[in-house]
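To start, the structure under review is shown below, and the notes come after it.
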Ligand code: TYD
């Protein structure tokens, strides 16, 4: 099969509060790109590594016994590993890297507690590559939580609390980052996909190599 090659790697992040549908759209996009002959990879943060395990404990059992600074450190350590082991090498191999959450989540979720999203951005951008596109799926927390309850049967005590998610959403919606597109996540899946695909098509046009090359 002819593989579509890029002149550089592309980094696309999906963001939004829990229950916004970002994982669904990250996966749809990755599957579509692979079906279209692109070398795409879907990565998820928190990762399945050691720091990701610690983070999942907070999600499962709540925040008792851990300070806000320690919590931030877990996410940063997890991302440093992800950049070293997965994101960096994939971008160098000119892949399309699709992130199901990236440092914009840390700005919003940990920024909501520590009160310093801008500082958290700067801290991350010292080691984490800038995304070429960020899709922020925006939805009211009560609707998002009712989706989670319907799908999974319950919410976790760590991050999935309505008051907290209201603050997190407030930060997401206040961000003025280059390449960020906010999408109304109440639209149906097809409409949301249409908006995402339009932007991604533009990105691909910019980075697909002019000369058609075939892989062995
Ligand atoms: P999530 O993507 O919702 O995992 P799952 O699909 O397994 O439910 O991520 C788990 C939680 O981690 C989520 O509630 C948001 C939180 N989180 C942060 O607080 N900061 C971050 O930087 C990231 C990446 C996630």
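Residue numbers (my numbering): -2 to 213. Quick reminder that beta carbons are idealized off the backbone N, C-alpha and C, glycines included.
Residue range of the unbroken alpha helix (DSSP H) whose run includes residue i
{"i": "residue 186", "result": "186 to 204"}
{"i": "residue 181", "result": "Residue 181 -> not in any alpha helix (DSSP H); beta strand (DSSP E) instead, spanning 177 to 181."}
{"i": "residue 109", "result": "108 to 111"}
{"i": "residue 65", "result": "65 to 79"}
{"i": "residue 118", "result": "114 to 122"}
{"i": "residue 86", "result": "85 to 89"}
{"i": "residue 125", "result": "Residue 125 -> no alpha helix (DSSP H), and no H or E assigned at all."}
{"i": "residue 151", "result": "It is not in any alpha helix (DSSP H) - residue 151 carries neither H nor E in the DSSP assignment."}
{"i": "residue 61", "result": "Neither: residue 61 is in no alpha helix (DSSP H) and is coded neither H nor E."}
Beta-bridge partners of residue i, as assigned by DSSP
{"i": "residue 167", "result": "Bridge partners of residue 167: none, in fact."}
{"i": "residue 13", "result": "134"}
{"i": "residue 94", "result": "8 and 38"}
{"i": "residue 1", "result": "35"}
Among the options, the one whose alpha carbon lies nearest that of residue i
{"i": "residue 41", "options": "32, 64 and 12", "result": "12"}
{"i": "residue 206", "options": "191, 27, 91 and 30", "result": "91"}
{"i": "residue 54", "options": "169, 156 and 180", "result": "156"}
{"i": "residue 2", "options": "33, 51, 160 and 24", "result": "33"}
{"i": "residue 136", "options": "113, 170 and 123", "result": "170"}
{"i": "residue 97", "options": "84, 154 and 139", "result": "84"}
{"i": "residue 79", "options": "113, 186 and 94", "result": "94"}
{"i": "residue 82", "options": "150, 194 and 124", "result": "124"}
{"i": "residue 159", "options": "8, 150, 15 and 5", "result": "15"}
{"i": "residue 196", "options": "-1, 115, 65 and 9", "result": "9"}
{"i": "residue 301", "options": "35, 117 and 51", "result": "Outside the shown range of the chain, which is -2 to 213, sits residue 301, and nothing can be said about it."}
{"i": "residue 141", "options": "119, 56 and 182", "result": "182"}
{"i": "residue 192", "options": "64, 200, 180 and 110", "result": "180"}
{"i": "residue 109", "options": "5, 126 and 68", "result": "68"}
{"i": "residue 20", "options": "59, 134, 172 and 204", "result": "134"}
{"i": "residue 189", "options": "126, 121 and 18", "result": "18"}
{"i": "residue 154", "options": "60, 37, 122 and 118", "result": "60"}
{"i": "residue 6", "options": "150, 126, 51 and 194", "result": "126"}
{"i": "residue 122", "options": "107, 77, 87 and 139", "result": "77"}
{"i": "residue 57", "options": "152, 30, 202 and 86", "result": "152"}
{"i": "residue 185", "options": "22, 39, 204 and 87", "result": "22"}
{"i": "residue 202", "options": "4, 0 and -1", "result": "4"}
Terminal residues of the beta strand (DSSP E) in which residue i lies
{"i": "residue 41", "result": "37 to 41"}
Any non-hydrogen atom of the ligand SAH within 8 angstroms of residue i CB
{"i": "residue 155", "result": "Here the bound small molecules are the ligand TYD; the ligand SAH is not part of this structure."}
Touching or not, the segment 39 to 59 and the segment 164 to 172, by the rule of three or more beta carbon pairs under 8 angstroms? As far as the Cβ criterion goes, the segment 39 to 59 does not touch the segment 164 to 172, which means the pair count is below three.
Should the segment 130 to 137 be regarded as contacting the segment 168 to 186, the criterion being three or more beta carbon pairs within less than 8 angstroms? When Cβ pairs closer than 8 angstroms are counted between the two stretches, the segment 130 to 137 is seen to touch the segment 168 to 186, the count reaching three or more.
Report yes or no: do three or more beta-carbon pairs, one from the segment 66 to 82 and one from the segment 94 to 106, lie closer than 8 angstroms? Contact between the segment 66 to 82 and the segment 94 to 106 is present, because at least three Cβ pairs lie under 8 angstroms.
If you pair each beta-carbon of the segment 20 to 31 with each one of the segment 136 to 152, do three or more pairs fall below 8 angstroms? Too few Cβ pairs lie closer than 8 angstroms, so no.
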